[in-house]
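Okay, so here's the structure we're looking at.
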Amino acid sequence: MNSLKDLTRGFENLKKESLDEIGFFYDENVFFKDPFNEIVGKDKLIKIFEHMFENLENPHFVILDTIENSDGAFLTWDFFLSIKGAEHKIHGSSHLKYSGERKIVYHRDYWDVGEEILLNVPFIKLLYGYFRKKIALPKEYLC
């Protein structure tokens, strides 16, 4: 793998036409997991990205912060997408582990499906509000 800076630049400039370039950073047998997918194999990871570009409008990442050691890295990011013209932002993070050849062998994305997606569905938002009122501290105690 080149540098973490090259990888983050690759994610921020990711396009359907450049998927082979991002594939350069990954091991053939990479394990990938996010809230919707769990796969093994670089070819399947590329399929996830292809699917993203086919089904979302203008998907793109903005990398906010990175931490790296010799075994891997941790990234925080915002993922922007549009669905039917409405723009959405998902805040998340990625845990990456490197092989001895510094290829990514493990890529785990963490983000809150409930907060980032489900709370935009009116009935679910109403139900969440009911439970939050029962469980959470009153607003005067919160930040």
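Start counting the sequence shown at 5; every next residue gets the next number (my numbering). Backbone N, C-alpha and C define an ideal beta-carbon position, used for all residues, glycine too. None of these values were measured; they are calculated from a predicted model.
Check your understanding: In whole angstroms, what is the alpha-carbon distance linking I67 and T80?
Key -> 6 Å
Check your understanding: Which runs of the beta strand (DSSP E), 3 residues or longer, sit entirely within the segment 15-93?
Key -> 30-37, 42-44, 61-73, 76-87
Review point. Among S74, E32, P63, which one has its Cα closest to the Cα of E16?
Key: P63
Exercise for review: Work out the CA separation of G14 and E25 for me, nearest whole Å.
Suggested key: 8 Å
Check your understanding: How many angstroms separate the CA atom of N59 from the CA atom of T12?
Key -> 23 Å
Point to revise | Own chain partners of E72 with C-beta closer than 6 Å, once the 5 adjacent residues on each side are dropped | key: L8
Review point. How is the beta strand (DSSP E) around R112 delimited, first residue to last?
Key: 108-114
**Study point:** Cβ-based burial, S111 [other Cβ within 10 Å; buried from 16]
**Key:** Note on residue identity: the sequence assigns His, not Ser, to residue 111. Label assigned to H111: buried.
Review point. Nearest CA to the CA of S97: which residue from P142, F57, D116, E21?
Key: D116
Review point. Alpha helix (DSSP H) containing L141: first to last residue?
Key: First-last for L141: undefined, no H or E at that position.
Check your understanding: In terms of alpha-carbon separation, which member of F84, L85, T70 lies closest to F78?
Key -> T70
Review point. Around the Cβ of V44, are there at least 16 other Cβ atoms within 10 angstroms (buried) or fewer (exposed)?
Key: exposed
Exercise for review: State the Cα-Cα distance for the pair F40 and G133, rounded to the nearest angstrom.
Suggested key: 25 Å
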